[in-house]
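Some notes on the structure that comes next.
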Ligand code: NAD
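Shown next, in the form of C-alpha cells:
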C-alpha cells in the first residue's frame, strides 16, 4: 500500500529534530504540505530539506505552551494553504526526578509542554477541521504513559493524559469524520534518549523483544499511516511502536 497525502496540509510540532523531524519528512515524502513548528528557528533547516526534495514546507516558531503563538501558527497555515488536514502533536520534554525530590517547576514545565501544548494545538485546529468535516489528529504519547517508569511521574502523567484526552476527543468529533489517535513509542534513538546512560540504554534494549531501540522512521511510518485515508475507520486508538517491550 502506497500512502498518498497529496493536497493534504499537515502541522507537526517540535519538528526540528528526532521523531518530529522524521515525521515531517515522511509526511512530505507522501505528498503533504508540511508546516513545521519549533521554539526557535531550528525547524527551518528541516523545511529547507523538504523543499530541496521538491516538497512544500513552512517553518514557524512557536512554543506549544503559548496559546497566542499556537493560534498564529494555525492562522498562518490556513491563511497560506487554505486548509488543515493533519495535526501531529509531537513536541515533548522530560525533566526526570524521583517524585520525592521533584521540583514544582519540573512538574509544571513537563505538563505545560506535553499536555497543555497538546490541548492548545488541538483546540486551535479543531474549528477548521469541523468546518472541513475531516481531519486527523495524532498525538505522540509514550510507552511510559502505559507502563509507568520510576523517575518519570511527571512525564508519565502527561503521556497517559494524552491517551485519555484523545479517547474523549475522538468521541466528540467522530460525527464530523475527524479521527483522533495516539502513537505510543517505546525507546527511540533520538537526542532525548541519548541523555540516558549507555548502561541504562543496554538494560532497556535487552527488555525489547525485537532486540533493538526504535528509530524515528519506525514512529513516522505509524503516524503517516494514521494520517492516511487507509486509517479512516480507526479512532480513539493507541498504536504502540515499541518493539514489543510493552503489550
Ligand atoms: P527530541 O528532544 O529529540 O525532540 C523534541 C522536539 O520538541 C524538539 O524539536 C524540541 O525543540 C521540541 N519542543 C520541546 N518543547 C517544545 C515546546 N514547548 N514548544 C515547541 N517545541 C518544543 O525528542 P524526540 O525523542 O524526538 O521526542 C518527540 C516526541 O516523542 C516527544 O513527545 C517525546 O515525549 C515522544 N517520545 C519519545 C521517545 C524516545 O524514546 N525518544 C519515546 C516515547 C515518546
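In this note's numbering, the protein residues as written are 1443 to 1689.
Glycine is no exception: its CB is placed at the ideal position from the N, C-alpha and C atoms.
Inset, instruction - Going by CA-CA distance only, name the one from 1516, 1561, 1541, 1446 that's closest to residue 1590. - result: Comparing Cα-Cα distances from residue 1590 to each of 1516, 1561, 1541, 1446, the minimum goes to 1541.
Inset, instruction - May I ask you to check if the CB of residue 1559 is nearer than 7 Å to at least one heavy atom of the ligand NAD? - result: At a cut-off of 7 Å, the beta-carbon of residue 1559 counts as near the ligand NAD: some heavy atom of the ligand is closer than that.
Inset, instruction - Report yes or no: do three or more beta-carbon pairs, one from the segment 1572-1582 and one from the segment 1523-1539, lie closer than 8 Å? - result: Look at the beta carbons and you see the segment 1572-1582 touching the segment 1523-1539: at least three pairs across the two are nearer than 8 Å.
Inset, instruction - With hydrogens ignored, establish whether the beta-carbon of residue 1526 is closer than 7 Å to any heavy atom of the ligand NAP. - result: Of the ligands this structure carries, namely the ligand NAD, none is the ligand NAP.
Legend entry - Contact test: residue 1640 Cβ vs the ligand NAD heavy atom, cutoff 7 Å: No - the ligand NAD has no heavy atom lying nearer than 7 Å to the Cβ of residue 1640.
Inset, instruction - Compare the beta carbon distance of residue 1535 and residue 1665 with 8 Å and say whether it is the shorter of the two. - result: In this structure, the beta-carbon distance from residue 1535 to residue 1665 does not fall below 8 Å.
Legend entry - Inter-residue Cα distance where the pair is residue 1516 and residue 1480: Their Cα atoms are separated by approximately 14 Å.
Inset, instruction - With DSSP as the reference, please indicate the residues paired to residue 1479 in a beta bridge. - result: DSSP output for residue 1479 lists 1502 as bridge partner(s).
Legend entry - Minimum C-alpha distance to residue 1622 - residue among 1629, 1632, 1609: Of the listed residues, the one whose Cα sits closest to residue 1622 is 1609.
Inset, instruction - Starting from residue 1587, follow the alpha helix (DSSP H) in both directions and report where the run begins and ends. - result: According to the DSSP assignment, residue 1587 belongs to the alpha helix (DSSP H) that extends over 1586-1589.
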